[in-house]
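A short worksheet on the structure shown next.
Number of protein chains: 2
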Amino acid sequence: MGRVTIADVAKRAGVSLASTSRALNGQVASAATVEKVRAAAAELGYIPDSAARSLRTRRTGQLAFAVADIGNPVYVEMMREIESVVAAEDYRLVVSRTGDADATVDLVRDLNRGYVDGLILSPLRVTDALVTALEASTVPAVVIGRLPDGAGVDTVMADSEGGVALAVEHLVTGGARRIAFLNGPADTTPGRFRHAGFLRAVAERNDLVSAEYSAEDFTIEAGYAAASAMFDSAEDPWDAVIAVNDLVGIGIMHAAATRGLTVPTDLAVVGIDNTSLTEVSHPGLTSVDLGSTRRGRKAAQLLLARMEDPELAPRAVRVPPSLQVRGSTTAQPSSVSRFASGEGRPR
Amino acid sequence: MGRVTIADVAKRAGVSLASTSRALNGQVASAATVEKVRAAAAELGYIPDSAARSLRTRRTGQLAFAVADIGNPVYVEMMREIESVVAAEDYRLVVSRTGDADATVDLVRDLNRGYVDGLILSPLRVTDALVTALEASTVPAVVIGRLPDGAGVDTVMADSEGGVALAVEHLVTGGARRIAFLNGPADTTPGRFRHAGFLRAVAERNDLVSAEYSAEDFTIEAGYAAASAMFDSAEDPWDAVIAVNDLVGIGIMHAAATRGLTVPTDLAVVGIDNTSLTEVSHPGLTSVDLGSTRRGRKAAQLLLARMEDPELAPRAVRVPPSLQVRGSTTAQPSSVSRFASGEGRPR
DNA sequence: ATGAAAGCGCTAACAC
DNA sequence: GTGTTAGCGCTTTCAT
Chain A
1 MGRVTIADVA
11 KRAGVSLAST
21 SRALNGQVAS
31 AATVEKVRAA
41 AAELGYIPDS
51 AARSLRTRRT
61 GQLAFAVADI
71 GNPVYVEMMR
81 EIESVVAAED
91 YRLVVSRTGD
101 ADATVDLVRD
111 LNRGYVDGLI
121 LSPLRVTDAL
131 VTALEASTVP
141 AVVIGRLPDG
151 AGVDTVMADS
161 EGGVALAVEH
171 LVTGGARRIA
181 FLNGPADTTP
191 GRFRHAGFLR
201 AVAERNDLVS
211 AEYSAEDFTI
221 EAGYAAASAM
231 FDSAEDPWDA
241 VIAVNDLVGI
251 GIMHAAATRG
261 LTVPTDLAVV
271 GIDNTSLTEV
281 SHPGLTSVDL
291 GSTRRGRKAA
301 QLLLARMEDP
311 ELAPRAVRVP
321 PSLQVRGSTT
331 AQPSSVSRFA
341 SGEGRPR
Chain B
1 MGRVTIADVA
11 KRAGVSLAST
21 SRALNGQVAS
31 AATVEKVRAA
41 AAELGYIPDS
51 AARSLRTRRT
61 GQLAFAVADI
71 GNPVYVEMMR
81 EIESVVAAED
91 YRLVVSRTGD
101 ADATVDLVRD
111 LNRGYVDGLI
121 LSPLRVTDAL
131 VTALEASTVP
141 AVVIGRLPDG
151 AGVDTVMADS
161 EGGVALAVEH
171 LVTGGARRIA
181 FLNGPADTTP
191 GRFRHAGFLR
201 AVAERNDLVS
211 AEYSAEDFTI
221 EAGYAAASAM
231 FDSAEDPWDA
241 VIAVNDLVGI
251 GIMHAAATRG
261 LTVPTDLAVV
271 GIDNTSLTEV
281 SHPGLTSVDL
291 GSTRRGRKAA
301 QLLLARMEDP
311 ELAPRAVRVP
321 PSLQVRGSTT
331 AQPSSVSRFA
341 SGEGRPR
């Protein structure tokens, strides 16, 4: 026997095709019909066909999540949260890589194939073409990141500036006066805004010495290489370094260890994103929490809301930052794991 | 204007609908027709509809990857590799959680909705119902893990036994005689086979003292808790502990640090999976590499091959293990990062 | 090489 | 409440 279709079920149940569809989908139908159809469907092992239903309803039950690198823990954490929110509404999640700027635009254009009902996108670089494509898209999209003011697209933003300010403040309180910022690629959204936050926070005080360095990528390896170069180039040692993200921060800690520098006494290190890596490193990495899981959740909720009502005015949600202090900036708790107390990272 | 369909393109190009389809899909068509159709499609911004095409062709261009927890780095690494292999063939990747055993079976049954062309599944627990569902599935599936002998399903297996033997051998060479195994849930595939490997490796020598403990989950937290309990219960200290995976291994290192035990001198620790976490911890975590990325790649290749030719006899591929030695078992390299030398983890 | 027409499996008007 | 029918957008016979 081939595929069991709704027609087979209808015949078996002795009712019309339409009634079968209605009964199966909880539309108006008499109890008797529902019963007959249910039984017939169960006997035949009927399973509705996605493609046929999608063609008819113009809905797929799928959402896409697109990021530059699914290997980065911060995206993994977002994805996990997004998956759990949308799965509760019976949506499946399709993962895509954004690739370069052109590929990202292609990805957005491709939405018009109708293979998903919505998109959550966290682009590393935002181009005009991307904004245009997003605004023109018939498929709802929400962006985790920063778009130009007035872009007609739902966005969920982190408060990078505020977050970095928390880090600077914390370091200064701990006695640091010479503070460096180790950026990633400066032409990216995180690179730009996190750096800007650093500049502003430093400018608000006049007793700080600061400088910026930059890693070629948002990875441990690139962080290690850039930190090594930084150590070579600086005449006087830095009191502290703020990394553009946790991966780069870990790279800095490795480089420091290689030089025989002790963290935090010789050098304090702060990461950004507060990923689970911060608790694996030793000492633990103090990190700015930009609310990745909350941003993921918010993005999913915004998307679901927009799909519900496409006429909604575009919204921009900003998630507040916080600072998670660990051993990389304060000597006390460095040898005692937080697992001892049973407290976890905020979820 | 609404959706641009192939009919619009046909009209614009002045040829029939059928010719338009053929021209667009590289079927037989005169150069002139192709040219006209191409131009018309470009002018109108035609984008083919996925659902309609899928309904007709019975293909979706999608593959599913299902695991227990997309947060576990080992699955992330597999997913990354799988995505890159299948994206090269223009497949999209749908991620799903396996959930409990029943949910896993439901997931496999649901394949018959036809929303994907194939599935890569890495189940934590394998039930008879799951094997039956897999064998009955009309949609090709490949399992990363262990199935009962003779199951008619493509599988990619790790050599857990061989891998754990490498770890034991390495520890013994380093002078360890009292070696514990810290398992995860014993009723899971990894729990069962990794433990079995330990038992066999230990049994092959008569100069070892050993014992098994077990964490409630494959996580850092559970590893920490179980290691703490282990430290409490053991009369004499262990020379070394082999963890069921890297996460549990990291948990052990945390617990050791909390007790004031120095790794590797007081206690050597070995993880399994050789995830990127092994390079974040300090000292680096020696780990058994079970070839997660290779398994991912192999699984993707097997799946693509089976979709190409469904008549293929089921295959079982076994990926060889290796051991990656780091500071958690040997004192020398513990303070110098591997990033100094520029060498990376095997890919 | 091209066109006419059927039909993939389903849902949604519409009439009863 | 139920049945008949049209049609979602596309690919693929089957003629020509």
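Just so you know, the sequences run in chain order A and B.
For the first sequence, full-length UniProt numbering begins at 1 and goes up steadily by one.
For the second sequence, full-length UniProt numbering begins at 1 and goes up steadily by one.
Glycine residues also receive a C-beta, built at the ideal position from the N, C-alpha and C atoms.
Close CB contacts of arginine 192 (chain A) within its chain, under the 7 Å cut and outside five residues either way in sequence, are with Ala186 (chain order). Taking the CA atoms as reference points, glycine 197 (chain A) sits about 10 Å from leucine 166 (chain A).
Judged by DSSP in its simplified three-state form, threonine 155 (chain A) adopts strand. Taking the C-beta atoms as reference points, valine 270 (chain B) is found nearer than 8 Å to threonine 329 (chain B). Per the Cβ contact rule, the region 52–64 of chain B is not in contact with the region 26–42 of chain B (fewer than 3 Cβ pairs under 8 Å).
Within the region 112–154 of chain B, the complete alpha helix (DSSP H) segments at least 4 residues long are 128–136, listed from N- to C-terminus.
Counting along the chain, phenylalanine 218 (chain A) sits inside no beta strand (DSSP E), nor does DSSP assign it H or E at all.
Inclusion of leucine 199 (chain B) and isoleucine 179 (chain B) in the CB contact set at 8 Å is not warranted, their separation being larger than that value. The continuous alpha helix (DSSP H) containing glutamine 301 (chain B) extends over residues 292–308.
Residues of chain B whose Cβ lies closer than 8 Å to the Cβ of arginine 113 (chain A) are, in chain order, Ile47, Pro48, Asp49 and Ser50. The DSSP-derived three-state label of leucine 267 (chain A) is coil. Excluding five sequence positions before and after alanine 133 (chain A), the CB atoms of its chain that fall closer than 7 Å to its own CB belong to Val105, Val108 and Arg109, given in chain order.
The C-beta distance from alanine 203 (chain B) to aspartate 239 (chain B) rounds to 18 Å, too long to fall under 8 Å, and the pair is not in contact. Not a single C-beta of chain B is nearer than 8 Å to the C-beta of glycine 118 (chain A). By the Cβ neighbour-count rule, valine 85 (chain A) is buried, with 16 or more other Cβ atoms within 10 Å of its own. Take the alpha-carbon of proline 148 (chain B) and the one of leucine 93 (chain B): they are about 27 Å apart. Between the C-alpha atoms of threonine 98 (chain B) and leucine 130 (chain B) there is a straight-line separation of about 11 Å. Where isoleucine 179 (chain A) is concerned, the enclosing beta strand (DSSP E) starts and stops at 178–183.
Not one beta carbon of chain A lies nearer than 8 Å to the beta carbon of leucine 267 (chain B). Membership of valine 85 (chain B) in the alpha helix (DSSP H) is indicated by the continuous run 73–87. Around the beta carbon of serine 50 (chain B), a 10 Å sphere encloses 16 or more other beta carbons of the protein chains shown; the residue is thus reported as buried.
In this structure, aspartate 154 (chain B) lies away from arginine 318 (chain B), with their beta-carbon atoms at least 8 Å apart. With 16 or more neighbouring CB atoms inside 10 Å of its own CB, valine 244 (chain A) falls in the buried class. In the DSSP assignment, arginine 92 (chain B) falls within the beta strand (DSSP E) that extends over 92–97. Straight through space, the alpha carbons of glycine 45 (chain B) and glycine 2 (chain B) are spaced by roughly 12 Å. Not one beta carbon of chain B lies nearer than 8 Å to the beta carbon of leucine 130 (chain A). Between phenylalanine 218 (chain B) and asparagine 72 (chain B), the CB-CB gap stays under 8 Å.
Close to glycine 71 (chain A), with beta-carbon spacing below 7 Å, are these residues of chain B in chain order: Val76 and Arg80. Around glutamate 83 (chain B), the beta-carbon contacts reaching into chain A at under 8 Å are Ile70, Val95 and Arg97. Put simply, of A:Val9, A:Glu169, A:Arg146 and A:Asp309 the residue whose alpha carbon is nearest the alpha carbon of proline 140 (chain A) is A:Asp309.
For a Cβ distance threshold of 7 Å, residue set Val280 of chain A lies close to leucine 277 (chain B), ordered along the chain.
In this structure, A:Val126 is the residue among A:Gly162, A:Ser54 and A:Val126 with its C-alpha nearest to the C-alpha of glycine 145 (chain A). The three-state reading of DSSP puts arginine 318 (chain B) in strand, counting E and B together.
For lysine 36 (chain A) and serine 19 (chain A), the gap between their C-alpha atoms comes out near 11 Å. Apart from the 5 residues on each side of it in sequence, threonine 138 (chain A) sits with its Cβ closer than 7 Å to the Cβ of Asn112 in its chain, given in chain order. The contact set of threonine 60 (chain A) on chain B, defined by CB atoms closer than 9 Å, consists of Ser50, Ala51 and Tyr115 in chain order.
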